[in-house]
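I have placed the structure first, in the form of structure tokens, so that the comments after it can refer back to it.
Residue numbers (the working numbering): 1 to 337.
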């Protein structure tokens, strides 16, 4: 009997995004791209390379440095039936357009009694570790994840970048699409053909029985590395990739903790009021009776991220920090492996 199995290729996260944008531009004439230097310059990080040449200036629109203006224009075009994909050079510049995103894109559907849809995607890179200093190295995902009306996605692999961006462009709600700068050159196996993720669904990317490790985006690279190191010692860690920060897949998180009875959360953002705090509260509400140890969190230092490489490195969370906290959590329950 012949079994048909999907073919796949190893490509970078950057290439997965570029190919997905191309595929959606070809599939739906209502999709267009808009942002600063995405056409002639092909984007600050070359995500839109070759798209202006193939689809022309009506589908790939260069804009002035005017985030509030072109995000507002995209919202208006989405209300009229188009499907704009906005690229903002960096997450940090999205603050210039915060009124358009929070007060208009997120609220139009509800404020017009459901008569208006805003099928809009806003992509931007963020995160630290690139020596871009305090105002260009932020992780503000929790700001957007706090707002009803927005969906917030944070893919961690090239395959997720493809399937989740496809889902975002086809969704009828405004979607914030977070791309960590450190992931652009990461390679991974990506299935050929159409892949559409389920928005709001987390993934158990490694099964385990001794502890649940929850992370997302760049943090997943460290989380999986640490989980594999503990596996060499005979410790079985289950790793949950959140993928979608809003809506949040609380069922998958709590089901995992009920299996392992211990939880550690790893994030690039700061500890106070962060995504980790929301996950910790979710576990407290949905799996408290199953816990053998307090939920622990590992995050960045509570400082503006420095330009100095040694200071930036010291402020960011690392595998050693995560390993220490996992070991403390296991030791607290007299885990003897």
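C-beta atoms are modelled at their ideal positions from N, C-alpha and C, and glycine is treated no differently. From a predicted model like this one, the values you see are computed outputs, not experimental measurements.
Start and end residues, alpha helix (DSSP H) containing residue i
| i | result |
| --- | --- |
| residue 211 | Note, residue 211: premise wrong, no alpha helix (DSSP H); beta strand (DSSP E) at 211-215. |
| residue 218 | Note, residue 218: premise wrong, no alpha helix (DSSP H); not H, not E. |
| residue 310 | 309-315 |
| residue 259 | 250-260 |
| residue 53 | 51-55 |
Extent of the continuous beta strand (DSSP E) to which residue i belongs
| i | result |
| --- | --- |
| residue 103 | Run containing residue 103: none; DSSP gives neither H nor E here. |
| residue 33 | 31-36 |
| residue 176 | 175-180 |
| residue 95 | Run containing residue 95: none; DSSP gives neither H nor E here. |
| residue 153 | 151-153 |
| residue 142 | Taken as a continuous stretch (DSSP letters only), residue 142 belongs to no beta strand (DSSP E), being part of the alpha helix (DSSP H) at 141-145. |
| residue 245 | 244-246 |
Paired residues, beta bridge with residue i - DSSP
| i | result |
| --- | --- |
| residue 270 | 300 |
| residue 122 | 86, 176 |
| residue 189 | 10 |
| residue 63 | 36 |
| residue 206 | 239 |
Check whether residue i and residue j have beta carbons under 8 Å apart
| i | j | result |
| --- | --- | --- |
| residue 305 | residue 275 | no |
| residue 34 | residue 74 | yes |
| residue 84 | residue 32 | yes |
| residue 22 | residue 51 | yes |
| residue 259 | residue 329 | no |
| residue 302 | residue 272 | yes |
| residue 268 | residue 223 | no |
| residue 44 | residue 190 | no |
| residue 172 | residue 119 | yes |
Residue i (DSSP reduced to helix, strand or coil)
| i | result |
| --- | --- |
| residue 87 | strand |
| residue 331 | helix |
| residue 162 | helix |
| residue 237 | strand |
| residue 320 | helix |
| residue 199 | coil |
| residue 20 | helix |
| residue 264 | strand |
| residue 113 | coil |
| residue 290 | helix |
| residue 72 | helix |
| residue 280 | helix |
| residue 183 | helix |
| residue 337 | Because the pLDDT at residue 337 is just 46, under 50, the model does not fix this residue reliably, and the point stays unresolved. |
| residue 275 | helix |
| residue 15 | helix |
| residue 28 | coil |
| residue 44 | coil |
| residue 80 | coil |
beta-carbon residue i near the ligand FMN non-hydrogen atom, thresh 7 Å
| i | result |
| --- | --- |
| residue 39 | Among the components of this structure there are no ligands whatsoever, and the ligand FMN is therefore not found. |
Subject >> Validate contact between the region 237-247 and the region 199-211 using beta carbons, cut 8 Å, 3 pairs >> reply: Yes, the region 237-247 is in contact with the region 199-211.
Original post:
Given 8 Å as the limit, is there contact between the region 60-69 and the region 90-98, that is, 3 or more CB pairs closer than that?
Top reply: Yes: at least three Cβ pairs fall under 8 Å.
Original post:
Is it true that the region 313-320 meets the region 140-150, where meeting means three or more beta-carbon pairs spaced less than 8 Å apart?
Top reply: Contact between the region 313-320 and the region 140-150 is absent: fewer than three C-beta pairs spanning the two stretches fall below 8 Å.
Original post:
Does the region 147-165 come within contact of the region 99-114, defined as at least 3 CB pairs closer than 8 Å?
Top reply: Verdict: yes, contact present.
**OP:** Count the CB pairs spanning the region 175-187 and the region 125-132 that are closer than 8 Å, and state whether there are at least three.
**Re:** Verdict: yes, contact present.
Original post:
Any contact of the region 252-265 with the region 283-292, i.e. 3+ C-beta pairs under 8 Å?
Top reply: As far as the Cβ criterion goes, the region 252-265 touches the region 283-292, which means the pair count is three or higher.
**OP:** Could you say if the region 150-168 and the region 215-222 meet the contact criterion of at least three C-beta pairs nearer than 8 Å?
**Re:** By the C-beta criterion, the region 150-168 is judged to be in contact with the region 215-222, since at least 3 inter-stretch pairs fall below 8 Å.
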